[in-house]
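When you read off a place in the sequence shown, starting at 1, and then add 95, the result is the number in the working numbering. Reading through the structure tokens given below for one structure.
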Amino acid sequence: MSQKLSQKLSQTEPSIALKKRENINRENYLKLFLQRFLTSTFNFFKGGKTMATYTHNIGNLTNTAIQGGDLLNDYWTEDHYTFNISNSSSINLNLHNITMNDDADLKLYRDVNANGVLDGADEFLQSSTNLYSADDSINYFANAGSYIAVVERYALGSQDRLDYELDLSATHQYRSHPNLLPDEFEVGELSTPTSFTGRETTSYYGWVGNANTADTYVFSLRDIDGFDPQTFRFYRPRVNISLTGLSSDADIRIIRDSNNNDIIDSGEVIVGGSSTNGGTSSELISGISIRGDELIVQVYQYSGDTNYQLNFESYWGRFIS
Ligand SMILES: [Ca+2]
Ligand SMILES: [Ca+2]
Ligand SMILES: [Ca+2]
Ligand SMILES: [Ca+2]
Numbered sequence: 096m097s098q099k100l101s102q103k104l105s106q107t108e109p110s111i112a113l114k115k116r117e118n119i120n121r122e123n124y125l126k127l128f129l130q131r132f133l134t135s136t137f138n139f140f141k142g143g144k145t146m147a148t149y150t151h152n153i154g155n156l157t158n159t160a161i162q163g164g165d166l167l168n169d170y171w172t173e174d175h176y177t178f179n180i181s182n183s184s185s186i187n188l189n190l191h192n193i194t195m196n197d198d199a200d201l202k203l204y205r206d207v208n209a210n211g212v213l214d215g216a217d218e219f220l221q222s223s224t225n226l227y228s229a230d231d232s233i234n235y236f237a238n239a240g241s242y243i244a245v246v247e248r249y250a251l252g253s254q255d256r257l258d259y260e261l262d263l264s265a266t267h268q269y270r271s272h273p274n275l276l277p278d279e280f281e282v283g284e285l286s287t288p289t290s291f292t293g294r295e296t297t298s299y300y301g302w303v304g305n306a307n308t309a310d311t312y313v314f315s316l317r318d319i320d321g322f323d324p325q326t327f328r329f330y331r332p333r334v335n336i337s338l339t340g341l342s343s344d345a346d347i348r349i350i351r352d353s354n355n356n357d358i359i360d361s362g363e364v365i366v367g368g369s370s371t372n373g374g375t376s377s378e379l380i381s382g383i384s385i386r387g388d389e390l391i392v393q394v395y396q397y398s399g400d401t402n403y404q405l406n407f408e409s410y411w412g413r414f415i416s
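Shown next as structure tokens:
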């Protein structure tokens, strides 16, 4: 089991990303918000400075990912990353390794007046506000120009210091594809059919387009062998992965992040692990049999906006030792 996966398993909060949308912890948040508001007000009257912004100047952002990190606390509550892109590209941001039980969020603005400062002239483009230490990510297709990524502390009841890492890249729409690997959707270990001839399909529904050029699904295959005493045959878990229901061109590929750096490096798309049909044709990657390791399916925009259905079809494949 990979280090990342075992870290995930040791976390106590499952489906963290889903919780904010469902407002499960609304009461808790209101409580924290009130607590924070009162503290800020108190500090204000004491004459204390309670909020400050630190600006990191990245310069020209390309498809070579930049990995950085910093901390936020009661004083430094917001970090800004200013950068420009020289061609129309997907701006890719992955906010991860956030201190456990803390919460930072991510926003992207167009720096309309190109002054490197977030001000009234600038245009809000996209945000990601998952709960707690779940990764926040943005993949946004944008024209050449100046941009500002904002990392802000949301964990109002946090123990002052919050550490995080932020990866940034800008990838060309056709020559390259988003190359960061935020943990977006946890598929987990795929179950196997109860019979050696059975098939079991799990589907996920999403969309990719200009405002969200890529989605990632983390999964693994069971690391077991099957033996059918009636036919004397051995089997191993396999999966077919398909992308259906497209109204524009989206593609898929399967990645094994061998060096565990949350970036798709060369050689990390598995052999036979991509499907790039044109138009609205469905995509299919069949017979994946890599067991035990954490794998990632990336669904990404080729052109236009489209809903999609991503299907994992598990089955037992014949295996001869
Ligand atoms: Ca500005
Ligand atoms: Ca967050
Ligand atoms: Ca990698
Ligand atoms: Ca396609």
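Just so it is clear, CB atoms sit at the ideal spot from N, CA and C, and this is done for glycine as well. Since the model is a prediction, treat every value here as computed from it, not as a measurement.
Can you look up residue i in the DSSP assignment and give me helix, strand or coil?
| i | result |
| --- | --- |
| A160 | coil |
| A209 | coil |
| S271 | coil |
| A345 | strand |
| I358 | strand |
| N168 | coil |
Looking at residue i: is its Cβ nearer than 8 Å to the Cβ of residue j?
| i | j | result |
| --- | --- | --- |
| T224 | D200 | yes |
| T83 | R317 | Beyond the ends of the chain as shown, which are 96 and 416, falls residue 83; an answer cannot be given. |
| D388 | L276 | no |
| I186 | Y242 | yes |
| Y235 | A306 | yes |
| A244 | Y149 | no |
| F178 | G163 | no |
Tell me which same chain residues have a C-beta within less than 6 Å of the C-beta of residue i, skipping the five on either side of it?
| i | result |
| --- | --- |
| F219 | Y204 |
| I383 | V334 |
| P332 | T287, L316 and R317 |
Measuring only from the beta carbon, is residue i closer than 7 Å to any heavy atom that is part of ligand 1?
| i | result |
| --- | --- |
| L203 | no |
| L220 | no |
| N210 | yes |
| V245 | no |
Can we count residue i as close to ligand 3, meaning its CB is less than 7 Å from some heavy atom?
| i | result |
| --- | --- |
| E363 | yes |
| D352 | yes |
| N238 | no |
| D360 | yes |
State yes or no: is the C-beta of residue i nearer than 7 Å to some heavy atom of ligand 4?
| i | result |
| --- | --- |
| S184 | no |
| N372 | yes |
| D346 | yes |
| E295 | no |
Going by DSSP, what residues sit across from residue i in a beta bridge?
| i | result |
| --- | --- |
| G283 | F314 |
| H175 | T150 and V245 |
| P332 | W411 |
| Y299 | L405 |
| Q393 | T311 and R348 |
| L379 | S337 |
| T266 | S185 |
Whose C-beta lies closer than 8 Å to the C-beta of residue i among residues of the same chain, with five residues either side of it excluded?
| i | result |
| --- | --- |
| Y420 | Since the displayed the chain opens at 96 and closes at 416, residue 420 lies outside it and no answer follows. |
Less than 7 Å separating the Cβ of residue i from some heavy atom of ligand 5?
| i | result |
| --- | --- |
| D165 | In the structure shown, ligand 5 is absent; the only ligands present are ligand 1, ligand 2, ligand 3 and ligand 4. |
Measuring only from the beta carbon, is residue i closer than 7 Å to any heavy atom that is part of ligand 2?
| i | result |
| --- | --- |
| N192 | no |
| N196 | no |
Using C-beta distances below 7 Å, list every residue in its chain close to residue i, excluding the 5 sequence neighbours before and after it, in chain order.
| i | result |
| --- | --- |
| N238 | S183 |
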